[in-house]
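**Q**
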Amino acid sequence: MDADNFEFSFMDFDLFEVARNGCISVLNIALDNLDIYDFSVDTQDRNGNSLLHYVASAGNVETAKKLISLGAYTNILNGKGASPLHSACEHGHLDLAKLLLAHNSKLNSVDFLGETPLFKAVRGGNKQLTKFLISCHAVVNNANKIDERLMHLAVAYDDEELVEVLLGVGQDPNVVSGCGETPIQLAIKTSNSSMLNLLIKGNANTRIRDHNNSTLLHLAVKQMDQTICQTLISHGLEVNAKDCEGSTPLHSAVEANSAAMVKLLLDNQADINLADHDDYTPLHLAARNFNGVEVLELLLKNKARSDLKTYCGDLPLHIAAAVGNTRGFIALYSKKYLNCMNKMGLTACQLAEQEGHTVIVQLNYRLDKNDSVNHKIPVLKQLHGSRRSIAK
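Residues in the sequence shown are numbered consecutively from 96, following our numbering.
1) Give the secondary structure of Ala365 by DSSP, where H, G and I count as helix, E and B as strand, and everything else as coil.
2) On the premise that Asp137 lies in contact with Gly176, defined as a C-beta separation below 8 angstroms, what is that separation, rounded to the nearest angstrom?
3) Going by C-alpha to C-alpha distance, which of Ser429, Asn269, Cys407 sits closest to Leu395?
4) Put Arg218 into one of helix, strand or coil per three-state DSSP.
5) Quick check on this structure: which residue in Asn221, Gly209, Leu380, Val270 has the alpha carbon closest to the alpha carbon of Lys240?
6) Based on DSSP bridge pairs, tell me the residues matched to Arg244.
7) Give a yes or no on whether the C-beta atoms belonging to Ala159 and Leu194 are separated by under 7 angstroms.
8) Less than 8 angstroms between C-beta atoms, sequence neighbours within five positions excluded: which residues of the same chain meet that for Leu433?
9) Could you tell me how far apart the beta carbons of Ala114 and Val150 are, in whole angstroms, since I believe they sit closer than 8 angstroms?
10) Drop a sphere of 10 angstroms on the beta-carbon of Thr453, count the other beta-carbons inside from all chains shown, and report buried for 16 or more, exposed for fewer.
11) Just to check my reading of the structure: Leu314 and Ile295 have Cβ atoms closer than 8 angstroms, yes? What is that Cβ distance to the nearest angstrom?
12) Give me the Cβ distance between Ser401 and Leu410, rounded to the nearest whole Å; I'm assuming they're in contact under 8 angstroms.
13) Over what stretch of residues does the alpha helix (DSSP H) that includes Val205 continue unbroken?
14) Fully enclosed by the stretch 161-197, which alpha helix (DSSP H) runs are 4 residues long or longer?
15) Where does the unbroken alpha helix (DSSP H) through Met290 begin, and where does it stop?
16) Please classify Ala125: is it buried, with 16 or more other beta-carbons within 10 angstroms of its beta-carbon, or exposed?
17) Is there at least one Cβ from chain C nearer than 7 angstroms to Leu458's Cβ?
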């Protein structure tokens, strides 16, 4: 190409692509020469975004001023119903938000998700921006399309100052979102002990239950958060409360295989033999966990009953045998249970044989010949040693 005949134009570029890629210097030069070209600053791309949307997202105040001086409409909406102020707030740009508001941006404009710029500011994580919008009298009591309120977002994004502000203006700490969650449940699910204490201080209901009828203590146990568990217990939560399946927090702790959590609950008077709707006690659950010997032995040490049967008539020994849990079987072994049958008419050994757990069958034979409880583990080692020698 002949260099003398080459003509360069900034309009050879897609200005939206330039803006999306953050090439602000190129964009500024193009804007300085915009009068030469047939281009409106309020032109929107296929997503409905104007140049001001992209500049607001990037937080470039000088370029935003230039666009506004060229007549850019500060309340133009993109394909999601969001204004440039939404974009600035979502990305945490305080100075850009101040500029837009100074040029008549609507403070409480609602996008298609039902969210105002204040919602976006909370999501963006700029707490100074959030405080500024509230000082400008942003609405704080509206909900988005899924019935989330600012209280939910403030908890989810760990903004204690906003929670305090919302509580101070009378916002309900027990408001329920569209998916059935209250702020205090969110605080527990995010293991936020400080937020939990703030909400309790603000009269949040600690007796709330979720769609599974789980209490806050159930949720805290599943999060493995001992501090929150102790806080809830100290505020009177029932340690033996049952969910929709009849499971207690202790059941949950055993299923999670947390000896520390089990001990905490037992220290706070958890009923060690309480059964769920299928008559499974915590000991039954521990019996099926291959890595749960520590928990199982802790339960036995604290007088968990090994003679209780499930709805199907299974003892904990049956459970261990059925899944092939050798160490659990050893810990639960007692000759008085060898002939106990479940509702299928099977003993633990027969159940193990039916399920193909030959190690349990052999182990049962060895233990039956072993009178000393203290030699149970050596018996297992001896059995495995003999199996290895056979394999050779």
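Where a beta carbon is used, it is the ideal one built from N, C-alpha and C, also for glycine. Since the model is a prediction, treat every value here as computed from it, not as a measurement.
**A** For this structure:
1) Along the sequence shown, read from residue 1 onward, the residue named residue 365 stands at position 270. For Ala365, the secondary structure class from DSSP, reduced to helix, strand or coil, is coil.
2) For this step, residue 176 is matched to residue 81 along the sequence shown. For this step, residue 137 is matched to residue 42 along the sequence shown. Gly176 to Asp137, Cβ: 16 angstroms. No contact.
3) Reading the sequence shown from its first residue, position 300 is the one you call residue 395. Minimum Cα distance to Leu395 is reached at Ser429.
4) Taking the sequence shown and counting its residues from 1, the one referred to as residue 218 is at position 123. Assignment of Arg218 by DSSP, reduced to helix, strand and coil, places it in the helix class.
5) For the purposes of this step, residue 240 is identified with residue 145 of the sequence shown, where counting begins at 1. Distance from the Cα of Lys240 is smallest, within the candidate group Asn221, Gly209, Leu380, Val270, for Gly209.
6) For the purposes of this step, residue 244 is taken as residue 149 along the sequence shown, with counting starting at 1. Assignment of beta-bridge partners to Arg244 by DSSP yields Ala238.
7) For this step, residue 159 is matched to residue 64 along the sequence shown. For this step, residue 194 is matched to residue 99 along the sequence shown. For the pair Ala159 and Leu194, the CB atoms are nearer than the 7 angstroms cut-off.
8) Translated into the one-based positions of the sequence shown, residue 433 becomes position 338. The beta carbon of Leu433 lies closer than 8 angstroms to those of Thr442, Ala443, Cys444, Asn459, Asp463 in the same chain, with the five residues before and after it left out.
9) For this step, residue 114 is matched to residue 19 along the sequence shown. For this step, residue 150 is matched to residue 55 along the sequence shown. At roughly 6 angstroms, the Cβ-Cβ gap stays under 8 angstroms, so Ala114 and Val150 are in contact.
10) In the sequence shown, the residue the question calls residue 453 occupies position 358. Burial is judged here by how many other beta carbons sit within 10 angstroms of a residue's own beta carbon; Thr453 has fewer than 16 and is exposed.
11) Sequence index remark: in the sequence shown, residue 314 carries index 219 (1-based). Sequence index remark: in the sequence shown, residue 295 carries index 200 (1-based). The C-beta separation of Leu314 from Ile295 comes to about 14 angstroms, leaving the pair out of contact by the 8 angstroms criterion.
12) The residue given as residue 401 occupies position 306 in the sequence shown. The residue given as residue 410 occupies position 315 in the sequence shown. Ser401 to Leu410, Cβ: 7 angstroms. Contact.
13) Within the sequence shown, the letter at position 110 stands for residue 205. Note, Val205: premise wrong, no alpha helix (DSSP H); not H, not E.
14) The stretch 161-197 contains these whole alpha helix (DSSP H) runs: 179-185, 189-197.
15) Residue 290 sits at position 195 when you count from the first residue of the sequence shown. For Met290, the enclosing alpha helix (DSSP H) begins and ends at 288-296.
16) Position 30 of the sequence shown, counted from the first residue, corresponds to residue 125. That one is buried.
17) Annotation note: the requested chain C is absent from the structure, which comprises a single protein chain.
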